[in-house]
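Trainee: Plus 93 on top of the position in the sequence shown (first one is 1) and you've got the working numbering.
Ideal placement from N, C-alpha and C gives every residue a C-beta, glycine not left out.
Computed from a prediction, not measured in an experiment: that's the story for all the values here.
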Amino acid sequence: MRLLIFHSYTATQVCSLPKLTGPCMARFIRWHYDMRSSECKMFTYGGCQGNANNFESKAACLKKCSGRSS
């Protein structure tokens, strides 16, 4: 049996979540929004146990989070 839990976040909530690399050992290049610098920054995602502040491209990060500040 597999249980999937989905969370619904507003854009402000997504963009304010911390960067989570996760404990797994994959090496996916992803982007997260950093509220302190108001920038999308690249990071390496391990592939599991991340959060919604995890975008496949800088453009996707900017589209969701650009103009947001703390």
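Residues in the same chain with beta-carbon distance under 8 Å from Pro-116, minus the five sequence neighbours each way, listed in chain order, please.
Mentor: Closer than 8 Å at the Cβ level, and outside the excluded window around Pro-116, lie Gly-139, Cys-141 and Gln-142.
Trainee: From the DSSP output, in three-state form, read off Cys-108 for me.
Mentor: Helix at Cys-108.
Trainee: Please classify Ser-163 as buried or exposed, where buried requires at least 16 other C-beta atoms within 10 Å of its C-beta.
Mentor: Only weak support exists for where Ser-163 lies, its pLDDT of 47 falling under 50; the value from the coordinates is given anyway. Ser-163 is exposed by the Cβ-count criterion.
Trainee: Could you name each continuous beta strand (DSSP E) segment of 3 residues or more that falls completely within the region 118 to 153, going from the start of the chain to the end?
Mentor: For the region 118 to 153, whole beta strand (DSSP E) runs of length 3 or above, ordered along the chain, are 121 to 127 and 132 to 138.
Trainee: Can you give me the C-alpha to C-alpha distance between Phe-136 and Tyr-102, rounded to a whole angstrom?
Mentor: For Phe-136 and Tyr-102, the distance between alpha carbons rounds to 21 Å.
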